[in-house]
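There are 4 protein chains.
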Amino acid sequence: MNELLENLVKSNKKLTKKGEVASYIPALENANKDDLGICLADLDGNFYTAGDYNKKFTIQSISKTVTLMLAIMDNGEKEVFKKVGMEPTGDAFNSIIKLETTMPSKPLNPMINAGAIVISSLIKGKNKDDKFNRLLDFVRKITRNQNININKEVYLSEKRTGDRNRAMAYFMRDVGIIKGDVEDILDLYFKQCSLEVNCVDIANIGLFLANEGVVPETNEVLANKYITRLVKTFMITCGMYNGSGEFAINVGIPAKSGVGGGILASIPNNMGIGVYGPSLDEKGNSIGGYGILKELSEEKNLSIF
Amino acid sequence: MNELLENLVKSNKKLTKKGEVASYIPALENANKDDLGICLADLDGNFYTAGDYNKKFTIQSISKTVTLMLAIMDNGEKEVFKKVGMEPTGDAFNSIIKLETTMPSKPLNPMINAGAIVISSLIKGKNKDDKFNRLLDFVRKITRNQNININKEVYLSEKRTGDRNRAMAYFMRDVGIIKGDVEDILDLYFKQCSLEVNCVDIANIGLFLANEGVVPETNEVLANKYITRLVKTFMITCGMYNGSGEFAINVGIPAKSGVGGGILASIPNNMGIGVYGPSLDEKGNSIGGYGILKELSEEKNLSIF
Amino acid sequence: MNELLENLVKSNKKLTKKGEVASYIPALENANKDDLGICLADLDGNFYTAGDYNKKFTIQSISKTVTLMLAIMDNGEKEVFKKVGMEPTGDAFNSIIKLETTMPSKPLNPMINAGAIVISSLIKGKNKDDKFNRLLDFVRKITRNQNININKEVYLSEKRTGDRNRAMAYFMRDVGIIKGDVEDILDLYFKQCSLEVNCVDIANIGLFLANEGVVPETNEVLANKYITRLVKTFMITCGMYNGSGEFAINVGIPAKSGVGGGILASIPNNMGIGVYGPSLDEKGNSIGGYGILKELSEEKNLSIF
Amino acid sequence: MNELLENLVKSNKKLTKKGEVASYIPALENANKDDLGICLADLDGNFYTAGDYNKKFTIQSISKTVTLMLAIMDNGEKEVFKKVGMEPTGDAFNSIIKLETTMPSKPLNPMINAGAIVISSLIKGKNKDDKFNRLLDFVRKITRNQNININKEVYLSEKRTGDRNRAMAYFMRDVGIIKGDVEDILDLYFKQCSLEVNCVDIANIGLFLANEGVVPETNEVLANKYITRLVKTFMITCGMYNGSGEFAINVGIPAKSGVGGGILASIPNNMGIGVYGPSLDEKGNSIGGYGILKELSEEKNLSIF
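Residue numbers (the numbering used here), protein chains in the order written: chain R, 1 to 305; chain W, 1 to 305; chain S, 1 to 305; chain A, 1 to 305.
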């Protein structure tokens with residue numbers, strides 16, 4: 001398997017030239033465009049790695065899968081889906097239009113920014129710090145990595161330039177979907193996006209989802225079958241931005257990407273995968289990571305369809 | 001299994017009172033609101049049935065899965081997806097907005113009406129009748145039922161009242177996505193929607209998809225793994241109208257519904273299911289059929305996630 | 001005055017190079033790009049002309065002002081505005097979006113295509129020919145020109161390529177705003193757009209509006225103060241496509257343009273103006289005609305504001 | 001004239017029962033629903049009044065006319081209209097959709113909230129207070145009323161509940177239309193809306209516009225012909241929210257309304273009118289004020305069309 005992964009990294013390296021590193025904040029722009037790495041973790045406890053699998057990157061939108069689980073456990077599924085929908089959307093991840101045209105107004109799903117901000121607003125805690133610490137603790141347990149922390153430079157950049165997210169948050173407070181201090185809610189959102197991880201961490205999240213909410217080895221139960229299945233479903237229907245449908249067809253694996261260059265993938269009852277490659281295609285997905293997952297899925301017949 | 005199915009039909013019968021039979025054409029309005037039936041066909045050749053499994057109904061939007069396969073085999077995947085996208089949409093199945101706002105203009109996917117009309121326009125044939133006959137032949141082979149035919153009353157009703165579809169077709173001809181005589185293209189579309197089937201026929205389509213394009217028993221190869229997988233993926237991401245995301249979460253099975261009351265479901269490498277119940281929920285999906293599939297999925301652990 | 005007009009034609013001639021002749025149908029494409037002419041008719045019976053004032057061109061969207069008057073007289077204001085609104089729109093003249101998003105669905109005003117098609121559908125007559133003949137008769141009386149007729153080549157071209165208009169018409173029949181045979185309604189619409197006129201004819205329409213519905217000289221009363229004022233108001237708020245607001249600010253005269261290159265202008269209780277210049281700006285308004293009207297308004301202080 | 005105005009107030013009093021007082025902030029909700037008053041000021045120096053002409057109310061959106069003039073004088077017309085358009089819109093005054101769909105993104109006109117916020121951001125001054133004081137000074141000079149000030153309660157309410165405006169402002173900062181501290185810009189916007197005036201003040205603004213930028217009596221020149229004409233044009237095309245087109249047809253006078261219940265009207269080279277009646281129709285315009293202006297326009301033939 002290690003050899004297969006090495007080959008996949010090698011054969012997809014050329015794709016990285018065709019993409020672009022995210023440029024909306026300086027910290028991301030400095031990434032190494034041709035980095036490419038993968039970690040695959042299966043339920044038997046095996047870890048396979050190749051390429052730049054231990055390089056650090058910010059988790060960005062991949063965090064939406066984790067906060068969704070926590071918000072459901074904090075509030076119950078019913079409360080959560082009163083405020084955010086379950087349907088994919090043909091609009092951009094940062095589009096504000098449907099908030100105005102959907103009645104009653106609520107974001108279509110928790111994977112677009114508006115929906116993810118709602119989810120962040122539902123994380124419980126005594127105060128802003130407590131909320132973040134609960135999230136951080138949850139991520140550390142899932143990944144079995146106590147060293148995960150935020151990248152301060154990225155966090156501050158996100159905060160400084162996050163006006164589109166502010167626009168959505170204020171719109172949603174205006175129509176009553178979110179309550180409380182908008183800057184506090186966004187602060188948690190910017191922090192969750194700035195969590196620094198590597199491919200192994202992401203593979204562990206995928207493994208946790210594949211294992212239906214039980215952390216392998218520690219056997220700690222942090223979520224349940226229903227919640228982890230729900231997350232994997234959202235990954236298929238809306239995990240890869242406006243390329244989700246195409247990815248589902250071409251790869252057939254539940255996956256969630258982030259503009260930091262990571263992709264989280266999870267094969268139900270089988271394995272978790274973390275891929276990293278900061279060169280993005282025009283939809284915001286890691287171009288090399290997409291290629292690796294496509295070939296891996298074909299090679300190992302991993303499609304769920 | 002037969003007993004389980006009988007129980008599912010019984011326990012979901014009450015749901016039929018909460019829905020409404022489609023009313024946009026008289027022929028559909030006359031359906032028996034509390035009809036409910038199911039047929040399940042597995043790859044071992046077993047057929048299980050319960051309730052009104054042999055009542056006839058029109059296939060409606062379920063036909064979109066069949067024409068998609070034929071259009072891809074007629075034109076190649078590349079040509080087809082130049083003219084229709086692969087992405088789910090948060091808009092209604094008959095919405096025309098995205099045709100104007102998407103550049104270059106093309107329907108987001110083949111499961112919404114605009115996309116399905118494009119697909120119908122791509123079916124090859126010497127003339128209008130030849131095109132329909134090729135489609136009919138394809139359906140009859142997949143279902144192993146030579147008696148399938150159109151319901152003339154429904155067909156004529158669809159034709160008479162299909163102005164929204166005409167609007168979309170003319171818009172698409174204006175921007176160059178479809179070519180040829182619009183009424184001829186729509187005639188094929190209305191005919192495909194008016195094909196009369198029962199739960200066994202639908203289960204057979206599901207079985208064909210589960211079996212990756214090979215007709216069981218006859219072993220005739222009518223499609224391939226890639227095409228049938230693609231269809232199942234579209235069923236998950238956009239098969240149940242604006243309730244696709246929720247259905248994927250709650251049921252987790254590739255499915256396609258029609259306003260005639262049918263639902264086609266396919267469990268990869270396992271089985272095909274046809275359900276019929278003309279009482280629809282507010283999204284246009286069979287309300288009793290949805291309930292049956294949900295319980296069946298839980299009972300037999302059929303979710304692909 | 002004749003000298004002033006000659007100078008205006010001369011000084012604005014250079015603008016014609018910056019625009020483009022309408023190209024969606026061949027007949028329009030053949031127009032002489034640097035043609036430019038004007039006719040000004042005042043209530044004292046004076047006619048002033050300059051440049052290509054007697055070249056023929058098709059009236060196109062300018063006809064919307066005339067059919068609106070006829071439809072109101074045929075049906076009453078109340079009936080007409082049940083089916084079309086009175087408000088300007090920020091969308092394109094051929095946009096279909098608002099038909100789907102406005103509830104109850106009706107075109108925002110009679111100057112955009114959808115609204116004008118509704119208006120055409122309201123013209124009374126025993127049959128399709130009778131309706132057109134009534135309209136033709138009305139136009140001939142207003143212009144005091146019995147020779148006005150349709151340009152067959154343009155009419156047939158419009159009919160052949162009018163799919164966007166068909167899309168809107170079928171959409172509107174689907175939601176119940178228009179009734180009857182869509183092709184018949186569009187036939188009248190395409191014919192009204194294909195009426196062939198020159199600057200003198202257009203100036204006479206403007207004079208008729210300025211004179212509150214009374215034909216000068218013949219003193220025939222064909223409309224009334226309220227209707228002609230209503231038309232002039234629509235000309236200010238939505239007469240110049242997506243440049244209506246800017247034109248109102250820069251010129252301040254009620255005006256309606258057509259892609260044939262004509263502009264109709266009317267100064268209340270004062271004069272009517274017809275301008276012709278087939279070179280269009282990016283909004284579809286005669287670029288030279290706009291320039292002439294702007295300078296003329298400044299020179300003679302014609303703004304109504 | 002005083003008698004005519006008295007009669008108009010009396011005859012339109014019954015309309016106030018059909019409307020509703022603005023309820024989005026408590027301070028507005030406390031207004032007297034059946035208040036109705038008018039002041040008419042002509043260029044000969046006459047002032048005519050009737051009803052509750054001296055009751056105070058907050059100027060709200062009427063302020064958009066004043067800030068527009070100041071912003072143009074501060075920045076030049078060219079700079080201002082780089083950032084805001086000149087076209088009317090069929091969307092609601094607080095709609096955010098067009099900001100996302102228009103490319104390059106800019107509000108369609110300065111009379112909708114997004115456009116007015118841009119305009120406020122362009123008012124010059126050393127700091128936030130200086131900017132407001134310059135605006136206040138401008139308003140006081142135009143109205144010849146040194147006692148005009150903000151209603152603190154309304155101002156604080158607006159600030160507390162202005163999340164929709166915040167959403168638009170952050171969106172616009174994200175796309176680069178506005179620069180600087182959003183809360184500071186909105187503070188000026190909320191303050192300008194909270195200026196407390198009566199019908200006489202509003203009539204004076206109308207008179208100033210009618211007099212082309214010269215304050216009567218003092219003869220102070222505060223604006224010019226072009227700018228005041230531009231404002232009157234915007235009042236016709238977009239001054240009465242989504243009822244602008246209908247008002248232009250029915251009344252034919254440049255007018256701008258505010259949800260405080262005021263309407264500013266200006267007859268070019270003739271007179272200014274201020275009307276007050278806090279009972280609003282469903283579009284947000286004073287229902288009694290609309291009625292008075294309609295009858296007055298008919299009686300005195302004031303339509304500009």
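Quick reminder that beta carbons are idealized off the backbone N, C-alpha and C, glycines included.
If you're wondering where the values come from, they're calculated on a predicted model, not measured in any experiment.
Taking the alpha carbon of residue i as the point to measure from, which residue in the options has its own alpha carbon closest?
i	options	result
W/S157	W/E298, W/P26, W/L296	W/P26
W/E79	W/E212, W/R166, W/S303, W/V118	W/V118
R/A265	R/K33, R/G245, R/N113, R/Y290	R/Y290
A/Q192	A/G206, A/K14, A/L68, A/K10	A/L68
R/F316	A/I96, A/E212, A/I177	Because chain R spans 1 through 305 in this model, residue 316 of chain R falls outside it and cannot be assessed.
R/E29	R/V66, R/S279, R/E298	R/S279
A/I38	A/A22, A/F47, A/D74	A/F47
So that I know if they touch, is there some Cβ in chain W lying closer than 9 Å to that of residue i?
i	result
R/N242	yes
S/D174	yes
R/P268	yes
Does the beta carbon of residue i sit closer than 9 Å to a beta carbon anywhere in chain A?
i	result
S/T67	no
R/D42	no
S/I263	no
Which chain A residues sit within Cβ distance under 9 Å of residue i?
i	result
R/S95	E100
Does residue i get closer than 9 Å to chain R when you measure Cβ to Cβ?
i	result
A/D181	no
W/I304	yes
Count the other CB atoms, across all protein chains shown, that sit within 10 Å of the CB of residue i; report buried if there are 16 or more and exposed otherwise.
i	result
S/G180	exposed
W/G243	buried
R/G239	buried
W/K18	exposed
S/S23	exposed
W/N109	buried
S/G258	buried
A/K131	buried
R/K152	exposed
S/K232	buried
S/K126	exposed
A/E87	buried
Can you pull the chain A residues whose beta carbon is under 7 Å from the beta carbon of residue i, in chain order?
i	result
R/I170	First, the amino acid is wrong: residue 170 of chain R is Tyr here, not Ile. What R/Y170 touches in chain A: D163, R166, A167, Y170.
S/E79	Those within 7 Å of S/E79 in chain A number zero; the least Cβ separation is about 16 Å.
In chain R, what lies closer than 8 Å to residue i by C-beta?
i	result
A/D34	Those do not exist, as A/D34 stays about 31 Å from chain R at its closest Cβ, beyond 8 Å.
W/T237	P88, I236, T237, S244, G245, A248
W/P254	F305
Who are the neighbours of residue i on chain W, taking C-beta pairs under 9 Å?
i	result
R/G90	G85, E87, P88, T89, G90, D91, K98, T102, L108, N109
I'd like to know whether the C-beta of residue i is nearer than 9 Å to at least one C-beta of chain S.
i	result
A/I117	no
A/E282	no
A/F138	no
Give me the chain R residues within the contact set of residue i, using Cβ-Cβ distance strictly less than 9 Å, ordered along the chain.
i	result
W/E246	F81, G85, M86, E87
### Message
Output needed in chain order: residues of the segment 204 to 232 of chain S with a Cβ under 8 Å from some Cβ in chain A.
### Response
R229, L230, K232
### Message
Against chain R, which members of the segment 150 to 166 of chain A pass a CB distance test of less than 7 Å?
### Response
D163, R164, R166
### Task
For the segment 49 to 73 of chain S, enumerate the residues whose C-beta is nearer than 8 Å to any C-beta of chain A, in chain order.
none
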